[in-house]
Amino acid sequence: MISDTPPIHFRADVLVPAVRAAFDRGHTRPLTWRVAQLQALDRMLVEDADAIHAALQADLGKCAVESRLTETAFLRAEIAHALKHLRRWLRPKRVAIPLSLQPASGRLVPEPLGVVLVIAPWNYPVQLLLAPLIGALAAGNAVVLKPSEVSPNVAATLARLVPRYLDNDAVVLVEGGVAETTALLRQQFDHIFYTGNSTVARVVMAAAAQHLTPVTLELGGKSPLWIDDSVDMTVAARRIAWAKFLNAGQTCVAPDYVLATPAVADTLIAHLRIAIRELYGSDPRTNPEYGRIINDHHVERLLARIDPDRCVIGGGHDAGDRYIAPTVLYPATADDASMQDEIFGPVLPIVPVADAEAALAFIRERPKPLALYAFTSNRTLRQRFIDETSSGALAFDFAVAHLSAPDMPFGGIGNSGMGAYHGEASLRIFSHFKPVMTKPLWPDTLRLIFPPYGKTVERVIDWLLVRG
Ligand code: NAD
């Protein structure tokens, strides 16, 4: 149910039609406008990088280098990729026309959808608001942006910067929480792009259904990681530790839990202990490169998932500082608190299983994850992961970084979401590829299938349509 709380500081029924009017004026369609907006966004990420990084530091304790890696530079790479390929992506694509319709020509011509709404979460609050914006602008849409109120410093910073760089008629940022989002969702959009949890996704989808608005839902869930003894444990542990403890574990594609045999688990734990020290030192709390939990509510939620009896690494915390140490739980079971829903924090349970067969069964029995990771050099087993599991993405021998390859569409499947973006896939989400067909008046071959029907028409249908 959508809450009935009245909107606080703006009129959605005035704002959205105004943005639509800009779109209807054809404002956003020219390639020059799209390129200029993407370049302006890039300038914002360069000229105001310090302000953006400071906001990320305030909200998530994220250091500037990590912010650059996962937010501003990430976005700049997406922009550069879009600017490099945009003309080619927008070129109408010729399609083959069957003999039955010849002579004729067909093209798929991309057109913008109209006004799109982008709703972002708090964990990568810059990247996840602006990466969909890149696709929406490249496709020539007008956009309403709704940053997360849970990361208030980033929301306020972007609310200040976006109007300074982007076309104010066609790109509007609305700050606020549930009331503001609810008010926006009552309006008609041409696409809604939502990133966040699956409970709110249902609210978004129900609201979109009222207007038959298509949605992209970028959700989360528990992303499993299998590891066996065929890999170099030192490198594997370092990669796992980085992927899990980046942004203090608040990453939608972070490995949520590990599946391993007891023998491999023992070796992995020993190597993880070393890797965590290598990455964050002996006291991550004092290391400015280790992040913080977004708020007190999430600190409490995470502490309830740490079973002190199973803590083999970490477990320490300082609630006042929103700090939770990189923590590994072993042996975890499917019934543990840490295994009930997505952890979304620096806590890594390791679930012992008998073998790879048991791991595959464990994964298949659960909802389709956003990402699945397998650390193994066994080629037969790798193929089994490809053939016998379903997930938003599958990565071998590394984790998380797969989403920075712009030609690999990023998105979930089943419970982890619908629709995928990045690179050209973003343009596709925010475009309609309109089939445009042209047939000369002469020769008038269509006449062959017009009434009066008879044996000849039947033969033509059979010959041209079925065999042709
Ligand atoms: P959040 O609480 O910031 O919510 C996301 C957005 O939904 C916010 O803009 C918020 O204002 C809005 N919202 C919240 N309640 C609402 C309501 N009742 N009605 C309308 N709008 C509402 O973020 P979150 O959901 O805690 O984000 C974390 C989740 O997002 C995790 O499950 C994570 O895995 C997932 N996630 C997925 C991706 C991805 O790309 N697939 C990326 C990051 C996070």
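Its first residue numbered 34, the sequence shown is counted upward by one per residue in my numbering.
Here a beta-carbon is modelled for each residue, glycine too, at the ideal position from N, C-alpha and C.
Report the rounded CA-to-CA distance for residue i versus residue j, giving the unit in angstroms.
i, j, result
"residue 321", "residue 94", "8 Å"
"residue 383", "residue 328", "26 Å"
"residue 227", "residue 192", "18 Å"
"residue 214", "residue 243", "15 Å"
"residue 419", "residue 427", "8 Å"
"residue 86", "residue 364", "38 Å"
"residue 225", "residue 144", "17 Å"
"residue 43", "residue 152", "17 Å"
"residue 422", "residue 391", "13 Å"
"residue 309", "residue 119", "41 Å"
"residue 412", "residue 405", "16 Å"
"residue 339", "residue 378", "11 Å"
"residue 485", "residue 128", "31 Å"
"residue 265", "residue 298", "14 Å"
"residue 46", "residue 219", "9 Å"
"residue 34", "residue 470", "Any answer about residue 34 is weak, because its pLDDT of 44 lies below 50 and its placement is not dependable; what the coordinates show is given next. About 43 Å."
"residue 107", "residue 408", "25 Å"
"residue 158", "residue 302", "32 Å"
"residue 36", "residue 361", "Because the pLDDT at residue 36 is just 47, under 50, the model does not fix this residue reliably, and the value given afterwards should be weighed accordingly. Between residue 36 and residue 361, the C-alpha separation is close to 39 Å."
"residue 438", "residue 50", "36 Å"
"residue 434", "residue 103", "10 Å"
"residue 464", "residue 492", "40 Å"
"residue 393", "residue 442", "24 Å"
"residue 40", "residue 100", "For residue 40, the predicted structure reports a pLDDT of 48, less than 50, and the residue's modelled location is therefore unreliable. A value from the coordinates is still provided. Looking at the two C-alpha atoms, the distance is approximately 32 Å."
"residue 171", "residue 459", "9 Å"
"residue 400", "residue 446", "9 Å"
"residue 454", "residue 444", "7 Å"
"residue 268", "residue 317", "20 Å"
"residue 136", "residue 473", "7 Å"
Of all the options the options, which has the alpha carbon lying nearest to the alpha carbon of residue i?
i, options, result
"residue 367", "289, 482, 64 and 474", "289"
"residue 432", "114, 375 and 276", "276"
"residue 77", "335, 97, 478 and 109", "109"
"residue 436", "70, 46 and 164", "164"
"residue 287", "358, 202, 376 and 264", "376"
"residue 467", "126, 116, 173 and 42", "126"
"residue 216", "441, 230, 203 and 236", "236"
"residue 73", "88, 62 and 116", "116"
"residue 386", "416, 293, 476 and 53", "293"
"residue 370", "255, 148 and 389", "255"
"residue 356", "333, 374, 346 and 341", "333"
"residue 194", "84, 462, 90 and 348", "84"
"residue 273", "304, 251, 139 and 180", "304"
"residue 181", "488, 174, 453 and 190", "190"
"residue 359", "89, 348 and 352", "348"
"residue 212", "373, 179 and 61", "179"
"residue 142", "176, 461 and 88", "461"
"residue 13", "252, 475, 374 and 204", "It is not possible to answer for residue 13, since the shown part of the chain is limited to 34 through 501."
"residue 176", "311, 200 and 188", "200"
Can you give me the start and stop residues for the alpha helix (DSSP H) that residue i sits inside?
i, result
"residue 127", "Counting along the chain, residue 127 falls outside any alpha helix (DSSP H), though it belongs to the beta strand (DSSP E) covering 126-128."
"residue 56", "45-57"
"residue 112", "106-123"
"residue 275", "266-278"
"residue 82", "82-93"
"residue 216", "211-218"
"residue 419", "412-421"
"residue 97", "97-100"
"residue 204", "Note, residue 204: premise wrong, no alpha helix (DSSP H); beta strand (DSSP E) at 204-206."
"residue 489", "488-493"
Starting from residue i, trace the beta strand (DSSP E) both ways and give me its first and last residue.
i, result
"residue 397", "Segment 389-397 is the alpha helix (DSSP H) holding residue 397; no beta strand (DSSP E) there."
"residue 144", "138-145"
"residue 385", "380-385"
"residue 470", "464-471"
"residue 245", "No beta strand (DSSP E) holds residue 245; DSSP gives it neither H nor E."
"residue 226", "224-228"
"residue 428", "426-429"
"residue 260", "257-260"
"residue 361", "360-362"
"residue 346", "344-346"
"residue 404", "404-408"
"residue 292", "290-293"
Considering only heavy atoms of the ligand NAP, does any lie closer than 6 Å to the CB of residue i?
i, result
"residue 152", "The ligand content of the structure shown is limited to the ligand NAD, which means the ligand NAP is not among them."
Unbroken stretches of the beta strand (DSSP E), 3 residues or longer, contained in the region 144-200: 148-152 and 175-179
Fully enclosed by the region 296-338, which beta strand (DSSP E) runs are 3 residues long or longer? With a minimum length of 3 residues, no continuous beta strand (DSSP E) run stays inside the region 296-338.
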